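Protein chains in written order, with my numbering: chain A, 1 to 290; chain B, 1 to 789; chain C, 1 to 157. We put the CB at the ideal spot given by N, CA and C, even for glycine. Remember, it's a predicted structure, so these values are computed and weren't measured experimentally. What follows is a set of notes on a single structure, which appears directly below.
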Amino acid sequence: MEFLQPATWAEALEAKAAHPDAVPIAGGTDVMVGINFGHLRPALLLDLTRVDDLREWTTGAGAVRLGAGVSYARVITELGDRLPGLAMAARTIGSPQIRNRGTVGGNLATASPAGDAHPALLAADAVVEVASVRGSRRIPVTDFYTGVKRTAMDADELIAAVHVTPPSGPQQYSKIGTRNAMVIAVAAFGLALHPDRRTVGAAIGSAAPTPRRAPAAEEFLAGELDALWESRAELPTEVARRFGELVAAASSPIDDVRGTAAYRRHALSVMARRALTWAWTDYRNDAKGA
Amino acid sequence: MSTPTRTPTGAPAHLTGPGSGGVGDSAQRPDGVLKVRGEFAYGSDLWMEDMLWGVTLRSPHPYARVVAIDTSAAAQLPGVHAVLTSEDVPGEKVYGLELADQPVLAVDVVRYQGEPVALVAADHPDTARRAAALIRVDYEVWEPVTDARTALGHPTTDALHESDAEVTELSRESAHLHPEGNLVRHLKVRTGDPQPTAEVVVVGEYEVGMQDQAFLGPESGLAVPADDGGVELYVATQWLHVDQRQICSALALPPEQVRLTLAGVGGAFGGREDLSMHVHACLLALRTGRPVKMSYNREESFFGHVHRHPATMRYEHGATRDGQLVYVKAAIWFDGGAYASSTPAVVGNGGTMGIGPYVVPNVHVDCYGAYTNNPPCGAMRGFGSVQTAFAYESQMDALAAELGMDPVELRCRNAMEQGSATPTGQVIDSPAPVAELLRRLEAMPLPAEADGEVDLRHMPGGVSNTTHGEGVRRGVGYAVAYKNVAFSEGYDDHSTARVRLEVVGGEPTATVHTAAAEVGQGLVTVEQQIARTELGVEQVTVHPKDTTVGSAGSTSASRQTYVTGGAVKAACEAVRGQLLARAERLVGRPVPDLRLAGGQVVSDAEEIAVPLADLLGGEAVEETVQWRHRPTEAIDPETGQGFAHVQYAFSAHRAVVDVDTELGLVKVVEMACTQDVGKAVNPQAVVGQIHGGTAQGLGLAVMEEILIRDGKVVNPSFTDYLIPTILDMPPMRVEVLEYADPHAPYGLRGVGEAPNISSGPAVLAAIRAATGLPLARVPVRPEHLTGTS
Amino acid sequence: MRLTCTVNGTEQEVDDVWEGESLLYVLRERMGLPGSKNACEQGECGSCTVYLDGLPVCACLVAAGQAEGRQVGTVEGLADADALHPVQQAFVDAGAVQCGFCTPGLLVATHDLITRTGRPSDAETREALAGNLCRCTGYEKILDAVRLAADRMGGDR
């Protein structure tokens, strides 16, 4: 096994171009588990922790550009106000030790259907910035996941950053685990209300081969909210219930060691209903405070 | 006896300090400072300059014939020093705690997934793993038998439709996993009217999943070849001498040539009673002539030790309208997995104590242990009593509901007390405060209901933000349990202690030498405390645990403070007798009130105070005593009657839970426990045992299960085998009662297991109370609470 | 490969490190610092918690080469030669140590928690220590130890 430790982003991209089968490693929270148990034995490990650019986040053009190497712990402490949905998701990830190391870039690169950041990124219409020696390109996160642990990236590409627009409305994130901490999602749900655009982002995790959005639920809710954005009137219970059903209908879960498909569908409908209720309450309260 | 030529880095040393605390004090652990400094050496920490790493190749199949094994490619890998198979086992090729039925390395047939097939020693663990992957094993894969009742030839029951399911040819034909058949033990308890009737009858079927000990320090040890052709083994275990017996048998070496020393043990809970890497490391060390370390990773650990028996149980309780139990009928099936391990004794406990601490005139129990192709099951804290407690306490709640009676009242009305007879005809001849334990729990204040601002950390689901109070209902549940202490059914249960008193650096110092395994519970502290109390000295050194002293028996069955404590006390008394006799010779006459205190021989009546330093000079007084508790007896094979158990421990729990009834998520709000410990030899350690036992019971109730599909474990990791975190454990209230058992040293009772038995059923009862669901299976999963199984 | 890093204030250099080794393996097997424990090797137990450039991490998930030139702090670095750190002393005094296998990781995590927060609430402590599994104590006496250590370290909020 070889170990490369590029000091700059340009060096990193050159290394990945020269060794397309190199496995990038940042926080190590996925890669090292594979190596420790002999399930992963890459010819080359490409350590990205020396590339300082990756560990920075900046704001500009309305969006936060979150470097791929920013840890979850920093998302929580530094970006909780700007990216609330992602910060809520980050708080549910692993343990403090994991959150000190694990990165949003790593979560994207692994692209596990159970990755905790995905529903928050999907709901917020995030855009993934990938790069290679050929140049960089932006992939809407909606198009990023192509299969179980598969992404739209080419072999010579690395994730540079993810762009997330700070919300114009409330966000929520909920995740089911069978323990009250340090648990992999049985099902997860991310919600973003976009009053500026009068749209809604709703996404699910651990309930389909890839993280995915719930378009029918989004359209239904946007339609129902059309009349409510202005008035900030109470949300009819029936709307929240129906929204939950449509979110659950967007899933195609399986029975596995962590839960049954039936439970996942049920849990999604409950989480979506509750999350919408909380988000709408926040939206209404915001107006009162304003 | 030959001594080791080399000692590994981190080999156990004598434990000294802290220098105060006798019986009844919360003395500090002598290994505490080492442990917080990171200097306490566990099995996995041992190291030698030229040591090799051993790894095990395991069967991927639960049931298969081994057609051929080709080790040539593995042996040729650079860095590999040995590759061994069953042909390289020089002695007996099978071993076992109670029955020798488990191959050291697979011979012709593998009977469970993870059964050891071959061994490799190499100079780096990764090299050894790669070499193991190069061993080519041809298997003829057979269909596994994965259900205990099927294995015993019962038609499987289709629970959904309450009718017999189709009996396949497989379930009959493949039944004989072992030559004697698939029944390991059938225990019968018969007392009173064989065909009783009652005014009120409740029937229930219950199921308990397979729990893992999940000790944090995986199986580890270091074998060092010795110049005399023997081997030194440093290993984390629960009983050095039973290991030694089995290793000698496999290696065809006499005990003098197989010398064991206890390495630091990272928790045990029953999972280290059976051999794991012991023989394997010795084989590799003897073959290579080099020290060999074997250290399982977490995944291998799940295959490297036995688990708690899963159980299916059918119970029928009959009572009068006013809540007096008339009869209990029970059928209990334990899945013992591929090899016997301690299944016979687990069946013994499950059967003899299977109706709980209640007085019942008419009892009919059948308890079975079966061989299957599931992972072998054996000892785990609570040992056969954990499973049945879920059933009998669920039945008591069901009966209370049927009678419209308070569940605590029903229990108290039928509670055992001193003088009661057990279903096995044994009269309880020491305090049995079952009702008092429950009443004290009932009197404790209940935790406040959540109000004010939502703190997710107090909610079901925690910071995963699944509820802000929606769907949350509170429930309260009670359970009480009892458990035998020490080995039962006529077993010659003893321990050996060697105590030496001498003057070191001007100060009288006692050294306690036993082979009793310290696994974290604090036995080393107790040994010091007893010596301080009995010998009136402060400085007590604990000798490393090894086989140069006689057997101490197993660190299991809540027995060591009782039995090894009794042996240490007896050895101290013998040393004391010598000292007092010596003092009397000095004084020249008998002195009736002569005693040891403050490092002196004193008589208050005659105002004598002779410092031990003066009395001993440069001499040492040493005594070795083998000590036994009063004998038990085998039970009658047809009726189960007999004096089976030497002592019982009693504990009760009240659980308060919040359940998100819509999502099926549980937050345990508080656990309260009352337990009679006879005498709290070390109150802090006693409470620590109660806390820890409570946590393991809670874990089984709501999250812990080894999941098996077609004989294969599907969650062998801490990612998917979940144990409680600090956010899953609630604050606990503990009340310790001390009603002395007149038959036991200091009146003490074994402590460790009882709280592990009553906690889970209390949690289950609380979840039932919160949800109104019947819940007949643990662990309770969200699916069970939401109708989405 | 060769690895150089500073562990508990002392520069360490080791050779022949296989690139797939974790920092945990290097500490335990190559540097003679077995205090950090290997209980799961997948970041699910916290027994190997060490400081890496001041942040508590699971050493089992740090590739050895990632520690090159970094500052590593382990349980062995908490105490002086003759005096335990107050966090260590509190664990001993409170009875928070049974088998002790989880203890080194809990000590580093607790040291970090109290250093950051002074006197954490029980809820903060529970969230901060949720990555450290203990199988012996049921955590009650660990909470006692955290409160005791915070008191003795004079933190306030």
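Relative to the C-alpha of B/S44, which candidate in C/R28, C/L113, C/D16, C/Q89 has its C-alpha closest? Residue mapping note: residue 44 of chain B aligns to position 44 of the second sequence, counting from 1. A check of alpha carbon separations from B/S44 across C/R28, C/L113, C/D16, C/Q89 identifies C/R28 as the nearest.
Could you tell me which chain B residues have their CB closer than 8 Å to the CB of C/G20, listed as they occur along the chain? Here residue 20 of chain C refers to the residue found at position 20 of the third sequence. Simply D126.
Do B/T69 and B/A131 have their C-beta atoms within less than 8 Å of each other? One-based indexing of the second sequence puts residue 69 of chain B at position 69. One-based indexing of the second sequence puts residue 131 of chain B at position 131. Sequence inspection shows Ile at residue 69 of chain B; the Thr mentioned does not correspond to that position. The answer is no: Cβ separation not under 8 Å.
Can you tell which of B/A391, B/V463, B/S249 has the C-alpha that lies nearest to the C-alpha of B/Q811? Past the edges of chain B, shown from 1 to 789, lies residue 811 of chain B, and the structure says nothing about it.
Quick one: give me the first and last residue of the beta strand (DSSP E) that B/N362 is part of. By 1-based counting over the second sequence, the position of residue 362 of chain B is 362. Per DSSP, B/N362 is one residue of the beta strand (DSSP E) stretching across 362-370.
With DSSP as the reference, label B/P116 as helix, strand or coil. Indexing the second sequence from 1 puts residue 116 of chain B at position 116. Three-state result, B/P116: strand.
Please compile the residues from chain C whose C-beta is within a distance smaller than 9 Å of the C-beta of A/R101. Residue numbering aside, residue 101 of chain A sits at position 101 when the first sequence is read from its first letter. A/R101 reaches chain C at G43, L52, L55, V57, C58, L61, V62, counting residues in chain order whose Cβ is nearer than 9 Å.
Between the beta-carbon of B/G229 and the beta-carbon of B/Q257, is there less than 8 Å? Within the second sequence, numbered from 1, the residue matching residue 229 of chain B stands at position 229. Within the second sequence, numbered from 1, the residue matching residue 257 of chain B stands at position 257. The beta carbons of B/G229 and B/Q257 sit closer together than 8 Å.
Would the beta-carbon of B/A330 fall within 8 Å of that of B/G354? Here residue 330 of chain B is taken as the residue at index 330 of the second sequence, counted from 1. Here residue 354 of chain B is taken as the residue at index 354 of the second sequence, counted from 1. Cβ distance < 8 Å, so B/A330 and B/G354 count as in contact.
Could you tell me which chain A residues have their CB closer than 8 Å to the CB of C/Y49, listed as they occur along the chain? Mapped onto the third sequence, residue 49 of chain C falls at position 49. Before going further, note that residue 49 of chain C is Thr rather than Tyr in the sequence given. Per Cβ cutoff of 8 Å: Q97.
Ends of the beta strand (DSSP E) at B/G577? As a position in the second sequence, residue 577 of chain B is number 577, starting the count at 1. Element bounds for B/G577: not the beta strand (DSSP E) but the alpha helix (DSSP H), 560-587.
Decide yes or no for the touch test of the stretch 105-121 of chain B against the stretch 57-67 of chain B: beta carbon pairs closer than 8 Å, at least 3 of them. Judged by pairs of C-beta atoms under 8 Å, the stretch 105-121 of chain B touches the stretch 57-67 of chain B, as three or more such pairs exist.
Is the beta carbon of C/T6 sitting closer than 8 Å to the one on C/E13? The sequence position of residue 6 of chain C within the third sequence is 6, counting from 1. The sequence position of residue 13 of chain C within the third sequence is 13, counting from 1. In this structure, C/T6 sits away from C/E13, with a CB-CB distance that is not shorter than 8 Å.
Assuming B/V480 and B/Q647 form a contact by the criterion Cβ under 8 Å, report the distance between their Cβ atoms to the nearest whole angstrom. One-based indexing of the second sequence puts residue 480 of chain B at position 480. One-based indexing of the second sequence puts residue 647 of chain B at position 647. The C-beta separation of B/V480 from B/Q647 comes to about 17 Å, leaving the pair out of contact by the 8 Å criterion.
Apart from the five residues just before and just after B/L438, which ones in its own chain have a Cβ nearer than 7 Å to its Cβ? The residue given as residue 438 of chain B occupies position 438 in the second sequence. Contacts found: V408, R411, C412, Y478, V480, A652.
contact_flag[the stretch 89-108 of chain A, the stretch 116-123 of chain A] where n(CB pairs < 8 Å) is 3 or more: Yes: the two stretches touch, three or more of their Cβ pairs being nearer than 8 Å.
Compute the Euclidean distance between the alpha carbons of B/A552 and B/L240, then round it to the nearest angstrom. Within the second sequence, the letter at position 552 stands for residue 552 of chain B. Within the second sequence, the letter at position 240 stands for residue 240 of chain B. As the crow flies, the alpha-carbon of B/A552 is around 8 Å from that of B/L240.
Does any C-beta atom of chain A lie closer than 8 Å to the C-beta of B/L722? For this step, residue 722 of chain B is matched to residue 722 along the second sequence. At least one chain A Cβ lies under 8 Å of B/L722.
Under the rule that 16 or more other beta-carbon atoms within 10 Å means buried, what is A/V148, buried or exposed? As a working note, residue 148 of chain A is residue 148 in the first sequence. Of the residues assessed, A/V148 falls on the exposed side of the cut-off, its CB having fewer than 16 other CB atoms within 10 angstroms.
State the DSSP-derived secondary structure class of B/Y392, mapped to helix, strand or coil. As a working note, residue 392 of chain B is residue 392 in the second sequence. DSSP places B/Y392 in helix when its eight states are reduced to three.
Which of helix, strand or coil does DSSP assign to B/Q28? Along the second sequence, read from residue 1 onward, the residue named residue 28 of chain B stands at position 28. For B/Q28, the secondary structure class from DSSP, reduced to helix, strand or coil, is coil.
Would you call the stretch 14-23 of chain C and the stretch 18-32 of chain B touching, i.e. three or more CB-CB distances under 8 Å? With the cut-off at 8 Å, the stretch 14-23 of chain C and the stretch 18-32 of chain B do not touch.
Measure the C-alpha to C-alpha separation of B/E507 and B/L615 and round it to an integer number of angstroms. As a working note, residue 507 of chain B is residue 507 in the second sequence. As a working note, residue 615 of chain B is residue 615 in the second sequence. In a straight line, the C-alpha of B/E507 is about 12 Å away from that of B/L615.
Local Cβ density within 10 Å of B/E162, reported as buried at 16 or more and exposed below that: For the purposes of this step, residue 162 of chain B is identified with residue 162 of the second sequence, where counting begins at 1. Low local confidence applies: a pLDDT of 38 at B/E162 is under 50, so the model's placement there is unreliable, with the coordinate-based value given in what follows. Within a 10 Å sphere around the beta-carbon of B/E162 sit fewer than 16 other beta-carbons, which makes this residue exposed.
If we ignore side chains and look at the alpha-carbon of each, how far apart do B/S554 and A/S269 end up? By one-based count along the second sequence, residue 554 of chain B stands at place 554. By one-based count along the first sequence, residue 269 of chain A stands at place 269. For the pair B/S554 and A/S269, the Cα-to-Cα distance works out to about 52 Å.
B/P611 (DSSP reduced to helix, strand or coil): For the purposes of this step, residue 611 of chain B is identified with residue 611 of the second sequence, where counting begins at 1. In the structure shown, B/P611 sits in a strand (DSSP, three-state: E or B).
For A/R273, does the three-state DSSP call read helix, strand or coil? For the purposes of this step, residue 273 of chain A is identified with residue 273 of the first sequence, where counting begins at 1. In the structure shown, the three-state DSSP call for A/R273 is helix.
Using a Cβ cut-off of 9 Å, which residues of the stretch 27-44 of chain B contact any Cβ in chain C, in chain order? Taking 9 Å as the cut-off between beta carbons, the residues of the stretch 27-44 of chain B near chain C are Q28, R29, D31, G32, V33, L34, K35, V36, R37, G38, E39, F40, A41, Y42, S44, in sequence order.
Short CB-CB distance (under 8 Å) between C/C40 and chain B: For this step, residue 40 of chain C is matched to residue 40 along the third sequence. Interface residue, yes.
Taking the alpha-carbon of C/G35 as reference, which of C/I142, C/T49, C/E44, C/Q42 has the nearest alpha-carbon? Sequence index remark: in the third sequence, residue 35 of chain C carries index 35 (1-based). From the listed residues C/I142, C/T49, C/E44, C/Q42, the smallest Cα separation to C/G35 is found for C/T49.
Taking CB distances under 8 Å as the criterion, tell me whether B/V499 reaches chain A. As a working mapping, residue 499 of chain B is identified with position 499 in the second sequence. With 8 Å as the cut-off, B/V499 does not count as an interface residue toward chain A.
Counting only Cβ pairs nearer than 7 Å, list the residues of chain C close to B/V519. Locating residue 519 of chain B in the second sequence gives position 519, where the first residue counts as 1. Counting only Cβ-Cβ distances below 7 Å, B/V519 has contacts in chain C at C99, in chain order.
Name the two residues that bound the continuous alpha helix (DSSP H) containing B/C248. For the purposes of this step, residue 248 of chain B is taken as the residue at position 248 of the second sequence. In the DSSP annotation of this structure, the continuous segment of the alpha helix (DSSP H) that includes B/C248 starts and ends at 240-251.
Along chain A, in chain order, which residues have C-beta atoms closer than 7 Å to that of C/A130? Here residue 130 of chain C is taken as the residue at index 130 of the third sequence, counted from 1. Neighbours of C/A130 on chain A, chain order: S95, A181, M182.
In this structure, how does DSSP classify B/A122 when only helix, strand and coil are distinguished? Taking the first residue of the second sequence as position 1, residue 122 of chain B is located at position 122. The answer is strand: DSSP assigns B/A122 an E or B state.
Any heavy atom of the ligand GDP within a distance shorter than 7 Å of the CB on A/I76? Annotation note on the ligand GDP: not contained in the displayed structure, which lists no ligands.
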